[in-house]
Amino acid sequence: IAFNSARFLTSAAHLDQCPEDEGCEVAFAGRSNSGKSSALNAITRNSKLARTSKTPGRTRLINFFTLSRPGARLVDLPGYGYARVSREMQQDWEKHLGAYLEHRQSLRGMTLIMDIRHPLSEFDEMLIEWCQHHDLPMLLLLTKADKLKKNPARQQVRDVQNALRDVPCVTRVQPFSALKGDGIDEARAHLSQWLDG
Ligand code: GDP
10 IAFNSARFLT SAAHLDQCPE DEGCEVAFAG RSNSGKSSAL NAITRNSKLA
60 RTSKTPGRTR LINFFTLSRP GARLVDLPGY GYARVSREMQ QDWEKHLGAY
110 LEHRQSLRGM TLIMDIRHPL SEFDEMLIEW CQHHDLPMLL LLTKADKLKK
160 NPARQQVRDV QNALRDVPCV TRVQPFSALK GDGIDEARAH LSQWLDG
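Using UniProt numbering, the letters of the sequence shown correspond one by one to residues 10 to 206.
So, in structure tokens, the structure goes:
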């Protein structure tokens with residue numbers, strides 16, 4: 010799969026606005042500011058790609074990107090806010106994401122983006138539970154790995170692996186740095202497996 014061929018396809022506010030549910034796609038989720046856009050840009054080697062998802066009016070939408078292979082897509086899910094977002098907004102988000110996870114046949118895997126310095130927020134854990142419940146494999150990217158020295162970064166990876174050792178849907182915990190390029194090849198290899206399978 011040539012990830013650098015990614016192109017914006019469409020945005021959807023609801024499940025029924027999503028592109029035809031055929032082929033295969035992998036989704037990206039994470040709280041706001043976790044580094045999700047930077048990770049998407051790094052993986053697709055397109056510094057402007059995820060900017061599309063950040064333009065006003067699009068931040069709350071599901072954004073779809075096509076890849077060179079017909080029927081293969083990357084999906085940027087809306088970033089979830091800090092604890093401070095209103096209960097109403099959070100419920101709205103959960104409803105749409107829940108519907109997407111529940112019904113999307115072409116969804117092959119979930120990439121969860123977490124800041125390596127503070128992974129596993131309450132919402133991250135909820136998403137992991139959902140994926141476990143739906144048997145959806147997960148790649149965890151611990152981003153901004155360049156912000157920690159080597160040993161503390163390794164320790165963080167181990168801590169997350171330990172916390173999730175009874176959660177088999179998590180197939181890999183990968184340190185990642187959009188800034189330094191760490192973990193990009195591994196992330197691509199993992200995503201390719203899902204999109205090829
Ligand atoms: P998003 O809200 O999850 O899409 O997060 P962004 O990709 O916009 O990143 C949020 C902030 O973190 C920005 O200031 C980025 O420059 C910074 N950031 C993202 N990835 C990295 C990284 O790998 N290393 C460092 N040092 N900063 C990063």
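For every residue, glycine included, the Cβ atom is placed at its ideal position computed from N, Cα and C.
C-alpha distance - residue i paired with residue j, whole-angstrom precision
| i | j | result |
| --- | --- | --- |
| Glu-97 | Gln-141 | 25 Å |
| Cys-33 | Ser-201 | 11 Å |
| Arg-163 | Leu-24 | 38 Å |
| Ala-198 | Leu-150 | 13 Å |
| Ile-10 | Arg-82 | 11 Å |
| Val-179 | Leu-148 | 6 Å |
| Pro-87 | Glu-103 | 11 Å |
| Lys-156 | Ser-47 | 15 Å |
| Ile-125 | Arg-54 | 22 Å |
| Arg-60 | Lys-189 | 20 Å |
| Lys-45 | Arg-167 | 21 Å |
| Tyr-109 | Glu-29 | 13 Å |
| Gly-192 | Ala-15 | 19 Å |
beta-carbon residue i near the ligand GDP non-hydrogen atom, thresh 7 Å
| i | result |
| --- | --- |
| Asn-42 | yes |
| Ala-81 | no |
| Asp-175 | no |
| Thr-152 | yes |
| Asp-155 | yes |
| Ala-187 | yes |
| Lys-45 | yes |
| Gly-88 | yes |
| Tyr-39 | Inspection of the sequence shows that residue 39 is occupied by Gly rather than by Tyr. At least one heavy atom of the ligand GDP is nearer than 7 Å to the Cβ of Gly-39, so yes. |
DSSP bridge partner residues for residue i (one or two, in chain order)
| i | result |
| --- | --- |
| Asn-72 | Ser-20, Asp-85 |
| Arg-126 | Answer is none; Arg-126 lacks a bridge partner. |
| Met-147 | Met-119, Val-179 |
| Phe-185 | Answer is none; Phe-185 lacks a bridge partner. |
Status (buried if at least 16 other CB within 10 Å, exposed otherwise) for residue i
| i | result |
| --- | --- |
| Gln-114 | exposed |
| Asn-171 | exposed |
| Gln-100 | exposed |
| Ala-51 | buried |
| Ser-77 | exposed |
| Asn-13 | exposed |
| Asp-85 | buried |
| Leu-123 | According to the sequence as given, residue 123 is Met; it is not Leu. Per the 10 Å Cβ criterion, buried. |
| Gly-118 | buried |
| Val-35 | buried |
| Gly-107 | exposed |
| Thr-64 | exposed |
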